[in-house]
Structures are given as structure tokens and as C-alpha cells.
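Colleague: Below: one structure in C-alpha cells.
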Amino acid sequence: MLGFLLRLLPFWVREPLLIAVGSVLGVRIMYLAVHDHDRLAAGIGVAFLVLTAIRVHMVVRALRARRNPGPAPSADGTAVDAAAQAQVQAQAQAQAGTGPRPGPGTTEKEPNAWGQAIAAVAVFGALALAVWVAPRMTPSEDSTPQPAACSDGDHEELPKAYTRAPRPATGEELCEALNRPDLAKLLGTPAENATTASGTSNTAPLTDGKVAQPEAEVAFDTYTVNVSATYNHLSTEQYVKLMKFGSEEDVKTLKVLGRPAVFSSDHTMKIEINLGSGGSGGPVEQGPLARTLSVALDRSDRGGYYEITVWSQSGTLPEDSVLLDIAEKVLPTVPERRAH
492 MLGFLLRLLP FWVREPLLIA VGSVLGVRIM YLAVHDHDRL AAGIGVAFLV LTAIRVHMVV
552 RALRARRNPG PAPSADGTAV DAAAQAQVQA QAQAQAGTGP RPGPGTTEKE PNAWGQAIAA
612 VAVFGALALA VWVAPRMTPS EDSTPQPAAC SDGDHEELPK AYTRAPRPAT GEELCEALNR
672 PDLAKLLGTP AENATTASGT SNTAPLTDGK VAQPEAEVAF DTYTVNVSAT YNHLSTEQYV
732 KLMKFGSEED VKTLKVLGRP AVFSSDHTMK IEINLGSGGS GGPVEQGPLA RTLSVALDRS
792 DRGGYYEITV WSQSGTLPED SVLLDIAEKV LPTVPERRAH
């Protein structure tokens with residue numbers, strides 16, 4: 492279809508247009524080939540430039556033929572025939588028009604070949620410039636990866652532990668508090684975007700669903716951050732005593748936001764699930780080390796606590812000051828709903 496339309500155009504419009512297209516595409520492809528070190532693209536760019544040079548040569552010969560009314564010698568007669576065809580077409584158009592025909596002594600005004608060529612090149616140049624500049628002037632929403640958003644948990648039926656007064660925070664609320672725009676900067680990786688963000692409204696194990704334990708998790712390429720809240724009657728002091736009997740390492744007590752808090756370290760669990768024949772899974776293995784900051788729900792430490800845990804697949808951990816910064820930014824934004 493495009494070739495048919497091009498053949499309908501006059502010679503002095505079609506050829507300059509093809510020259511402009513071939514020049515732009517050839518130069519652009521050659522630039523990309525040099526930038527990407529692509530030999531195939533370089534060959535295509537050279538082909539475009541060679542074909543463009545041939546068309547330039549044809550136009551030059553046609554212009555010379557128009558200046559000389561007599562027959563001009565030609566190896567293949569292509570340029571002269573093209574010019575003659577343009578003249579015949581112009582005469583046919585003049586004869587088809589209304590008004591008196593020119594007399595024998597009247598010289599018919601021929602179309603300005605240079606004007607048509609310049610007009611065609613100018614129109615195509617304006618279109619090419621608009622196509623080239625538009626993507627750079629218009630902001631693209633897909634140019635920068637957007638951080639992950641928290642999953643919508645409105646349709647999730649909450650356990651009964653979340654319906655009691657005062658109502659605990661939900662996993663969705665924890666996720667909204669944790670998934671801050673400056674979380675990557677707090678982690679020391681400001682150039683990263685969150686890859687996943689989720690929140691779940693669970694209950695604590697071995698409590699028959701009576702203790703709410705929501706949690707939220709935001710993952711980056713380097714670190715993963717998990718925040719949970721346990722609404723029980725266990726004070727931070729009692730929790731520290733339990734840590735001494737467990738496998739936690741590097742236990743350190745302190746105050747955060749005026750509340751009792753404790754640092755601890757423990758290994759995550761690595762579970763391998765085989766979805767092949769039989770659906771059997773591998774044994775539970777020890778995962779990378781994680782650093783956890785536990786903070787009481789209130790200053791009086793009447794029971795319940797938040798836990799902020801950070802780990803990475805490589806096993807590297809940020810400084811404790813990073814967890815402190817996260818706690819000081821995130822915890823004040825969590826709805827204050829203490830358990831009984």
C-alpha cells in the first residue's frame with residue numbers, strides 16, 4: 492500500500508522524500524550500530540546510505556536533463572525517462588484544468604522542480620523532527636520503574652481478634668506505614684525501588700486465634716524489611732528473659748521512642764518446595780542471618796511489642812542505626828491500638 496502511494500507522487504516530490512527518509516534512517520542506524528557495536532545494524536545503515544546516494548545521483552541527472560531540452564545521453568535512460576514522465580504528467584494536469592488552452596505561441600509554465608523538492612524535504616524534516624523530539628519532551632510514566640504498592644486487603648475477612656475493642660492494627664495498615672517513599676534511603680540504598688510489598692492480618696500461633704499478630708513486608712534488591720506487631724500481655728522485660736533461653740544472638744537492650752526495646756539476631760528459615768512429581772519438599776534449612784529490633788507498644792510496657800527485622804540473601808546486614816531510623820519513622824505512623 493505504501494509503495495503504491497509513493498508511485499502516485501510526482502517525481503520531484505517522491506525522490507526528495509525518499510532521499511530524506513533514507514538519510515535520516517541511515518544516519519540513525521549507523522549511530523546505533525557504533526554505539527552498540529552491532530555489525531548487522533552497521534550493514535543495514537550502509538545499505539540505506541548507498542541507496543540514498545543512488546537516488547541523489549538520479550535526481551541530479553534529472554535536473555541536468557530538464558535544463559537541456561535536447562535528448563541527453565544516458566546509460567540506462569532512467570533519469571531522463573523520469574523527467575520526461577514528470578513533464579507529461581504536468582502537461583496532462585494542465586490540459587485537464589478549466590480555462591482556455593495555451594495558444595501555439597504561448598509558453599506553458601512548468602512546475603518549479605527545486606521548489607517541489609525543497610517543500611517535500613521541509614515537510615518531511617518537520618515530521619521527522621516532531622517524531623524525534625516528542626518522546627523526549629513528553630514525560631513517560633514507564634521510563635522509571637514504579638515502587639511496589641501494598642496489596643489491597645479490603646476484601647479479606649479479618650479474624651475475630653481484630654474485631655475486639657480496642658482493635659489492633661491490620662496487616663494492610665502496617666504495610667502502608669512501612670512502605671514509605673524514603674524507606675530505601677533509610678536502608679542506605681536510595682537508588683532502589685521496592686519490588687514487593689504486602690501485609691497480612693494473622694494471629695499468633697498457639698493462641699487459638701485470640702492474639703492478633705499482623706505483619707508487613709517490603710522487599711528491595713538488597714534488603715528485605717519485615718514489621719510485625721504482637722498484641723499480647725508479654726512485656727519487653729519478659730521477652731528479653733525468653734531470648735536468653737532461645738537461639739537469639741547479640742542481644743542488646745535500649746530505649747526507642749521512650750519505650751523499652753531490645754536488639755537481637757537470629758537466622759531465618761529456608762524452605763525448599765518441589766513442585767515436580769510427588770510434590771515433596773526439601774528439609775527446612777537455616778537461612779541468612781537477620782537483625783531484629785523489638786519495641787514495646789507503649790512507654791509503660793504493659794504488654795505487646797513491635798518487631799522490625801531486616802535481612803538480605805547475601806547475608807550482609809545494615810548497621811543497628813538503620814533499624815533505629817526505621818523504627819523512629821514507621822512506628823509513630825502505626826495506629827495506636829493497644830491490646831487488652
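Going by the working numbering, the first residue of the sequence shown is number 492, and it counts up by one from there. From the three backbone atoms N, C-alpha and C, an ideal C-beta is built for every residue, glycine too. If you're wondering where the values come from, they're calculated on a predicted model, not measured in any experiment.
(1) By how many angstroms is the C-alpha of ASP757 removed from the C-alpha of GLU740?
(2) Per DSSP, what are the beta-bridge partners of ALA752 in this structure?
(3) Using three-state DSSP, classify ASP816 as helix, strand or coil.
(4) I need the straight-line Cα distance from ALA538 to LEU516, nearest angstrom please.
(5) Quick one: residues in its chain with C-beta nearer than 6 angstroms to the C-beta of ALA668, no 5 flanking neighbours on either side, listed in chain order?
(6) For ARG750, count neighbouring C-beta atoms within 10 Å of its own C-beta (all shown protein chains included) and say buried if the count is 16 or more, exposed if not.
(7) So what does DSSP say about GLY690, is it helix, strand or coil?
(8) What does THR920 pair with, by DSSP beta-bridge criteria?
(9) Which of the three DSSP states, helix, strand or coil, is assigned to VAL801?
(10) Who are the near neighbours of HIS528 in its chain, counting only those whose CB is closer than 8 angstroms to its CB and skipping five residues on each side?
(11) Spatial neighbours of LEU540 within its chain, please: CB distance less than 6 angstroms, with the 5 preceding and 5 following residues excluded, ordered by chain position.
(12) Roughly how many whole angstroms lie between the Cα atoms of THR727 and LEU748?
(13) Out of curiosity, what's the CA-to-CA distance linking VAL512 and GLU683?
(14) DSSP state of HIS528, grouped into three classes?
(15) With the cut-off set at 8 angstroms, would you say PRO650 and THR694 are in Cβ contact?
(16) Would you tell me roughly how many angstroms separate the C-alpha atoms of GLN704 and GLN729, rounded to the nearest one?
(17) Could you spell out where the alpha helix (DSSP H) holding VAL731 opens and where it closes?
(18) In whole angstroms, what is the alpha-carbon distance linking LEU665 and SER514?
(19) To which residues of the same chain is GLY778 closer than 7 angstroms at the C-beta, ignoring the five residues directly before and after it?
(20) Considering only their Cβ atoms, is the gap separating ALA688 from ALA720 smaller than 8 angstroms?
(21) Three-state secondary structure (DSSP) at LEU516?
(22) Comparing C-alpha positions only, which one of GLU827, ARG557, TYR797 and GLN804 sits nearest to LEU815?
(23) Between TYR722, THR543, SER785 and GLU506, which lies nearest to ALA656 when the distance is taken from Cα to Cα?
(24) Taking the alpha carbon of THR543 as the point to measure from, which residue in ILE817, GLY795, ARG505 and VAL716 has its own alpha carbon closest?
(25) Please name the residue, chosen from PRO696, GLY679 and ALA675, that lies closest to THR686 on a Cα-to-Cα basis.
(26) Can you tell me which residues form a DSSP beta bridge with MET760?
(27) Quick one: what's got a C-beta closer than 8 angstroms to ASN670's C-beta in the same chain, skipping five residues either side?
Modeller: Quick look at the numbers:
(1) 6 angstroms
(2) LEU745 and VAL786
(3) helix
(4) 10 angstroms
(5) Excluding residues within five positions, the ones whose Cβ falls inside 6 angstroms are VAL821, THR824 and VAL825.
(6) buried
(7) strand
(8) The structure shown does not extend to residue 920, since the chain is modelled only from 492 to 831, so the question has no answer here.
(9) Three-state DSSP puts VAL801 in a strand.
(10) So no residue of the chain qualifies.
(11) GLY517
(12) 14 angstroms
(13) 41 angstroms
(14) coil
(15) Going by C-beta atoms, PRO650 is nearer than 8 angstroms to THR694.
(16) 18 angstroms
(17) 727 to 736
(18) Approximately 58 angstroms between the Cα atoms of the pair.
(19) Setting aside the 5 residues that flank it on each side, GLY778 is surrounded in the same chain by HIS758, THR759, MET760 and LYS761, each with a C-beta closer than 7 angstroms to its C-beta; the list follows chain order.
(20) no
(21) helix
(22) Answer by Cα proximity: TYR797.
(23) TYR722
(24) ARG505
(25) Here the closest residue by C-alpha is ALA675.
(26) GLN777
(27) PRO638, ALA639, ALA640, CYS641, ALA685, ALA688, ALA707 and VAL709
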